[in-house]
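Q:
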Ligand code: AMP
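Right, dumping it as structure tokens:
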């Protein structure tokens with residue numbers, strides 16, 4: 001399962017990515033997290049990245065691409081990944097496409113988490129993170145404040161305010177998003193890989209909508225592959241090979257304009273009752289005429305109109 005999560009800073013894609021990791025057991029690859037780790041470890045790369053990050057600008061493509069290449073080559077990314085915060089511009093998206101083409105593992109879905117600008121501003125400037133990386137809880141002083149100011153409800157550690165979550169930097173980051181990252185929506189639309197969900201409301205509801213899209217766009221392929229494997233077990237190697245060969249193009253997702261609502265599983269078509277041989281047309285006509293004719297002496301009672309509900313006085 002190879003997914004890119006698109007969305008402005010503060011759209012909640014990081015939170016959703018964490019839940020997707022739990023559900024689908026594939027790693028979240030966040031360039032923001034990787035860069036922050038490099039900054040706090042004081043590596044060369046971190047030093048180079050820090051100035052751009054503090055200014056709300058994008059870190060140079062070569063730094064980020066090097067990081068991504070290294071991360072995606074790790075064994076845990078073989079079964080798939082959720083890219084969060086990458087790509088951030090068209091050149092990065094093109095490089096990602098080439099990288100994945102070389103691995104024979106093209107991207108399957110670009111999922112946009114769509115949120116209005118005013119909401120983003122409050123979400124970002126009000127965001128507070130638990131300083132304990134193992135806990136990772138996230139709060140917001142406007143929407144979900146901790147019980148005790150600056151203390152994590154879950155583990156009691158202090159809360160931190162990301163240095164790039166101040167109002168000035170947030171404004172710059174949102175501008176950068178509009179100018180450089182938003183064009184990726186058209187980029188992935190043109191590849192028929194774009195789907196979107198509204199990123200406002202209950203986190204669980206947004207997550208469910210995202211999973212529904214994933215199930216529709218990606219899971220069918222996995223299912224067909226599973227069937228193919230089962231067929232091999234039954235000695236139907238040839239048909240299995242055909243099934244999997246047919247399945248491969250299904251990785252291209254069908255275009256759907258808006259977030260696809262949860263599709264209920266198709267009901268099995270009702271069994272057709274064995275058809276009686278069709279009567280000749282003339283015979284059929286006669287039958288109808290016969291049925292329609294009222295019986296002598298017993299005029300058919302007309303269906304009474306429904307009694308109107310009495311209006312309360
Ligand atoms: P994020 O946590 O995704 O909001 O990223 C925080 C900061 O890291 C961004 O404002 C950028 O400065 C930098 N950054 C993260 N991902 C990228 C990327 N793909 N390309 C360039 N800079 C990035």
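Numbering (our numbering), first residue to last: 1 to 313.
Just so it is clear, CB atoms sit at the ideal spot from N, CA and C, and this is done for glycine as well.
Write down every uninterrupted run of the alpha helix (DSSP H) in the region 81 to 129 whose length is 4 residues or greater and which is fully enclosed by it, in chain order.
A: For the region 81 to 129, whole alpha helix (DSSP H) runs of length 4 or above, ordered along the chain, are 90 to 102, 117 to 125.
Q: Between the region 194 to 208 and the region 110 to 121, do three or more beta carbon pairs fall short of 8 angstroms?
A: Judged by Cβ distances under 8 angstroms, the region 194 to 208 makes contact with the region 110 to 121, as three or more pairs qualify.
Q: Tell me the rounded alpha-carbon separation between residue 106 and residue 195.
A: So the two alpha carbons sit approximately 16 angstroms from each other.
Q: Of the residues 112, 21, 25, 72, which one's Cα is nearest the Cα of residue 182?
A: Residue 112 is the option with its Cα nearest to residue 182.
Q: Less than 8 angstroms between the beta carbons of residue 81 and residue 72, yes or no?
A: Cβ distance < 8 angstroms, so residue 81 and residue 72 count as in contact.
Q: Quick one, which of 96, 90, 75, 91 has its alpha-carbon nearest residue 83's?
A: Comparing Cα positions, the closest option is 96.
Q: Return helix, strand or coil for residue 140, following the three-state DSSP convention.
A: Three-state DSSP puts residue 140 in a strand.
Q: In this structure, does DSSP put residue 171 in helix, strand or coil?
A: Helix at residue 171.
Q: Of the choices 109, 167, 23, whose alpha-carbon is the least far from that of residue 184?
A: It is 109.
Q: First and last residue of the beta strand (DSSP E) that includes residue 3?
A: It spans 2 to 6 - the beta strand (DSSP E) in which residue 3 sits, taken as one unbroken run.
Q: Using DSSP bridges, identify the partner residues of residue 151.
A: Residue 151 pairs with 158.
Q: Buried or exposed, going by whether 16 or more other CB atoms sit within 10 Å of the CB of residue 10?
A: When all chains shown are included, residue 10 counts as buried.
Q: For a test of the three-state rule: what should DSSP assign to residue 29, helix, strand or coil?
A: Strand.
Q: I'd like the span of the alpha helix (DSSP H) that includes residue 196, first residue to last.
A: It is not in any alpha helix (DSSP H) - residue 196 instead sits in the beta strand (DSSP E) that spans 194 to 198.
Q: Are residue 152 and residue 137 closer than 8 angstroms when you measure CB to CB?
A: Yes. Within cutoff.
Q: Between which two residues does the alpha helix (DSSP H) containing residue 204 stretch?
A: Counting along the chain, the alpha helix (DSSP H) containing residue 204 begins and ends at 203 to 217.
Q: Flag residue 86 as yes when its Cβ comes closer than 7 angstroms to any non-hydrogen atom of the ligand AMP, and as no otherwise.
A: Yes, Cβ of residue 86 sits closer than 7 angstroms to a heavy atom of the ligand AMP.
Q: Report yes or no: do the region 212 to 219 and the region 25 to 44 share at least 3 C-beta pairs separated by less than 8 angstroms?
A: Cβ pair count under 8 angstroms is below three, so no.
Q: Roughly how many whole angstroms lie between the Cα atoms of residue 26 and residue 3?
A: Approximately 10 angstroms between the Cα atoms of the pair.
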